[in-house]
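In the UniProt record's numbering, the protein residues as written are 1 to 431.
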């Protein structure tokens with residue numbers, strides 16, 4: 001979707017560890033391919049010799065198991081394993097080789113890269129419906145089933161010799177995340193060239209940004225509550241599965257004809273664990289970017305998603321962008337105008353942030369009440385809890401879901417009762 005909402009860039013950090021991850025992934029992939037070729041030449045080797053060879057290449061075998069399982073039908077024609085005198089396919093699953101890094105690395109795919117992949121010619125492209133962080137999205141029809149799907153071509157222009165690791169990251173994450181409020185990846189298909197990779201996803205008739213821009217009637221409080229609850233349930237599932245989205249915004253929220261909200265575009269998403277490791281702060285579209293990112297923190301947490309959820313909540317309540325900054329300085333100024341000037345007393349550790357020494361506007365007061373005079377105290381409390389400077393004090397997703405806002409009247413409208421609209425995904429944003 002072409003919109004001023006989506007013009008912010010998403011540069012990545014370039015630390016040595018990420019370069020090492022990329023080099024090790026590529027080296028391991030080439031080595032395992034060579035081992036597969038050598039083994040194919042020695043298919044008559046005795047079981048004893050083969051077992052010794054497997055012992056020397058234990059890691060390769062482990063990485064290959066998912067490929068062997070997924071392609072068991074192919075092995076029936078000759079690759080029946082060592083017991084039958086044949087060598088099993090020891091090529092590793094490329095996705096299992098990759099640490100989920102923030103750098104663009106590359107792997108050159110082979111034909112069985114995604115198992116028994118269908119080809120893109122099985123789908124008829126109907127029209128382009130938008131662009132994500134790392135790909136172009138089409139509305140398409142499955143020629144075999146007549147089902148309308150979303151077909152996302154992975155963006156490749158930044159790579160000369162293979163798939164970007166960022167795209168592999170999105171594929172890996174989306175194939176493992178299964179929740180009603182997260183867009184479903186049905187399949188991965190290939191084009192005529194091996195560098196043409198497409199995600200086949202469930203099709204949703206609307207994206208929330210297009211609805212906001214083209215439907216002038218604001219959402220009712222019950223409708224906002226319904227949408228926010230679904231958004232938070234999707235975020236909860238991500239965080240429970242150790243995934244931080246890092247690009248939550250209205251245009252990455254889809255809505256289907258049954259009123260079900262779906263989180264989409266995981267091109268910037270990352271897996272996380274303990275201990276946490278530094279990540280680039282240059283993520284999240286500017287309007288929805290948390291203050292710790294704007295002040296240069298590289299040790300951020302899932303709290304960045306909760307700030308974005310707060311910005312989305314405010315946007316749904318106002319029926320307009322809450323903090324529409326054009327550059328980072330203006331974004332900081334808009335946040336300060338709304339919440340007051342940050343300082344060490346309200347944000348522990350603020351003085352240690354890389355950009356904390358810059359001169360900031362003096363604003364002593366929080367203006368949320370003036371900005372939202374007509375919402376309930378509970379709604380304002382939830383908004384304030386999400387838009388809290390200190391990420392350690394910011395509401396977690398579970399705290400947000402348990403907030404009194406979701407208990408007070410009016411109750412959330414059922415998704416099936418949300419207003420229906422003509423399909424909006426083909427319309428350009430008016431902003």
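Every residue, glycine too, gets a C-beta built ideally from N, C-alpha and C.
Note that this is a predicted model, so its numbers are computed, not measured.
- Message: So, does the segment 240-250 touch the segment 281-290, judging by three or more C-beta pairs under 8 angstroms?
- Response: By the Cβ rule, the segment 240-250 counts as touching the segment 281-290, because three or more pairs are nearer than 8 angstroms.
- Item | Residue from 206, 207, 188 and 192 whose Cα sits closest to the Cα of residue 199 | 188
- Query: In this structure, does DSSP put residue 336 in helix, strand or coil?
  - Reply: In this structure, DSSP gives residue 336 a helical state, which the three-state scheme calls helix.
- Item | Residues near residue 332 by beta carbon distance below 6 angstroms, same chain, minus five either side | 294
- Item | Cβ separation of residue 209 and residue 306, assumed to be a contact under 8 angstroms, to the nearest whole Å | Between residue 306 and residue 209 the Cβ distance is about 20 angstroms, and since that is not below 8 angstroms, they are no contact.
- Task: Mind reading off the beta-carbon distance from residue 418 to residue 205? Whole number of angstroms is fine, and I expect it under 8 angstroms.
- Result: In fact, because the Cβ distance is near 12 angstroms, the residues do not count as touching under 8 angstroms.
- Message: Measuring alpha carbon to alpha carbon, tell me which residue in 272, 408 and 390 is nearest residue 221.
- Response: 408
- Flag this pair as yes or no: are the beta carbons of residue 463 and residue 268 separated by less than 7 angstroms? Examination of residue 463 is not possible in this model, given that the chain is present from 1 through 431 alone.
- Pairwise C-alpha distance: residue 316 and residue 382: Straight-line Cα distance between these residues: approximately 13 angstroms.
- Query: What residues are listed by DSSP as bridge partners for residue 138?
  - Reply: 128 and 151
- How many whole angstroms separate the CB atoms of residue 137 and residue 148, which I take to be in contact at a CB cut-off of 8 angstroms? Not confirmed; about 13 angstroms, so no contact.
- Using a threshold of 7 angstroms, state whether the C-beta atoms of residue 397 and residue 179 are closer than that. no
- Query: Secondary structure at residue 355, three-state DSSP: helix, strand or coil?
  - Reply: coil
- Beta-bridge pairing of residue 122 - partner residues as DSSP gives them: DSSP, once it has assigned bridges, lists no residue as partnering residue 122.
- With which residues is residue 384 paired in a DSSP beta bridge? Looking at the DSSP assignment, residue 384 forms no beta bridge with any residue, so it has no partner.
- Going by other Cβ atoms of all chains shown within 10 Å of its Cβ, with 16 needed for buried, is residue 402 buried or exposed? A residue is called buried when at least 16 other Cβ atoms come within 10 angstroms of its Cβ; residue 402 does not meet this threshold and is exposed.
- Tell me whether residue 123 is buried or exposed, calling it buried when 16 or more other Cβ atoms sit within 10 Å of its Cβ. buried
- Among residues of its own chain, excluding the 5 on either side of residue 296, which ones have a beta-carbon nearer than 8 angstroms to its beta-carbon? Here residue 296 has 281, 353, 354 and 355 as same chain residues with Cβ atoms under 8 angstroms from its own Cβ, once five neighbours each way along the sequence are excluded.
- Task: Would you identify the three-state DSSP class for residue 36, choosing helix, strand or coil?
- Result: For residue 36, the predicted model reports a pLDDT of 49, less than 50, meaning its position is unreliable; a value from the coordinates is still stated below. Three-state DSSP puts residue 36 in a helix.
- Message: Run through the DSSP bridge pairs and tell me what residue 245 is partnered with.
- Response: Residue 245 pairs with nothing; no bridge assigned.
- Can you grab the Cα-Cα spacing for the pair residue 278 / residue 328, in whole Å? When rounded, the distance between both Cα atoms is 21 angstroms.
- Cβ of residue 242 within 7 angstroms of Cβ of residue 271? A contact, by the Cβ cut-off of 7 angstroms.
- What's the C-alpha gap between residue 392 and residue 351? 15 angstroms
- Apply the 10 Å Cβ neighbour rule to residue 14 and answer buried if 16 or more other Cβ atoms are within range, or exposed otherwise. Reliability fails at residue 14, whose pLDDT of 43 lies under 50, so the model's placement of it is uncertain and the value that follows must be treated cautiously. Its Cβ having fewer than 16 others within 10 Å, residue 14 is exposed.
- Task: Indicate the three-state DSSP secondary structure (helix, strand or coil) for residue 434 in the structure shown.
- Result: Within the shown structure, residues of the chain are numbered from 1 to 431, placing residue 434 beyond reach of any answer.
- Query: Excluding the five sequence neighbours on either side, which residues of its own chain have a C-beta within less than 6 angstroms of the C-beta of residue 367, listed in chain order?
  - Reply: Shown here for residue 367: same chain residues with a beta carbon closer than 6 angstroms to its own, the five before and five after excluded, namely 338 in chain order.
- Message: Which of the three DSSP states is assigned to residue 212 in this structure?
- Response: helix
- Message: Only counting the same chain, and skipping five residues up and downstream in sequence, which positions put a Cβ closer than 6 angstroms to that of residue 292?
- Response: 300 and 391
- Query: To the nearest angstrom, how far is it from the Cα of residue 422 to the Cα of residue 363?
  - Reply: Cα to Cα, the separation comes out at about 43 angstroms.
- Identify, in the order they occur along the chain, each residue of the same chain with its Cβ nearer than 7 angstroms to the Cβ of residue 361, setting aside the five sequence neighbours on each side. 333, 336 and 341
- Query: Apart from the five residues just before and just after residue 321, which ones in its own chain have a Cβ nearer than 7 angstroms to its Cβ?
  - Reply: 287 and 315
- Message: Taking the alpha-carbon of residue 213 as reference, which of 404, 251 and 168 has the nearest alpha-carbon?
- Response: 251
- Query: Which residue comes first and which comes last in the alpha helix (DSSP H) that contains residue 284?
  - Reply: Per DSSP, residue 284 belongs to no alpha helix (DSSP H) and is neither H nor E.
- Message: Can you list, in chain order, the residues of its chain with a C-beta nearer than 6 angstroms to that of residue 225? Leave out the 5 residues immediately preceding and following it.
- Response: 412
- Task: Can you have a look at residue 365 and say buried or exposed, based on whether 16 or more other CB atoms are within 10 angstroms of its CB?
- Result: exposed
- Message: In whole angstroms, give me the CA-to-CA distance for residue 405 and residue 217.
- Response: 23 angstroms
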